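What follows is one structure encoded as structure tokens, with my remarks underneath.
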Amino acid sequence: MDGKISQIPLVVTNKEKSLAFFIEKAGFVKKTDVTGPGGYRYVTVGIAGQDVEVALFEVGSATDPVQKEWSKPWAPGKTPPIVLIVPDCRKTHQELTERGVEFPQAPLDHPWGTTATFKDPDGNLFSISQLRGWSKT
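Each residue of the sequence shown is one higher than the last, beginning at 828 in the working numbering.
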């Protein structure tokens, strides 16, 4: 296959509340914000300078009958964490904690690096990981 991953869907209970969390607390940027003719608002967030986006999908918001049917089993906070690589896990943990982000797992050292896990308002998990020997350059 020739392609690339462009978006990861994230199930949330309130799109506006989640958007505010990611922008104001987690430090993401809004990538897409479009409302179609049927009234469905499509919103994505991501890390500045990167192509991969997180598409915020609000439970029960599908307007297309087919999408509404196949999205019935989706629920917030029921998936493994999305992993973000950071240059300094402890520094990022401190910055996000100061902004009010809740961390069920504080920074923990492993043989391969350091990791901490935070959650959004719906309990969706995100791990910030600093790999040994990794640098931002």
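Glycine is no exception: its CB is placed at the ideal position from the N, C-alpha and C atoms. All of these numbers come straight from a predicted model, not from anything done at the bench.
Assigned secondary structure, THR944 (DSSP; H/G/I helix, E/B strand, else coil)
strand
Is LYS831 helix, strand or coil by DSSP?
Judged by DSSP in its simplified three-state form, LYS831 adopts coil rather than helix or strand.
Beta-carbon proximity list for THR809, same chain, < 7 Å, skipping 5 on both sides:
This structure cannot settle anything about residue 809, because the visible part of the chain is limited to 828 through 964.
Check THR840 in the structure and name its three-state DSSP category.
In this structure, THR840 counts as coil in the three-state DSSP scheme.
Among ALA853, THR890, ASP878 and GLU885, which has the Cα closest to the Cα of GLY866?
THR890
Scan the region 895-924 and note each continuous beta strand (DSSP E) run of 3 residues or more that stays entirely inside, going in chain order.
List check, beta strand (DSSP E) in window: 909-912.
Cβ neighbours of GLY927 in the same chain (closer than 7 Å, five flanking residues each side left out):
LYS852
Three-state secondary structure assigned by DSSP to ILE874
coil
For GLY854 and ILE874, what's the separation of their Cα atoms in angstroms?
8 Å
State the beta-bridge partners of ASP949 as determined by DSSP.
Its beta-bridge partners do not exist; DSSP assigns none.
What do you get for ALA847, buried or exposed, if any count of 16 or more other CB atoms within 10 angstroms of its CB means buried?
exposed
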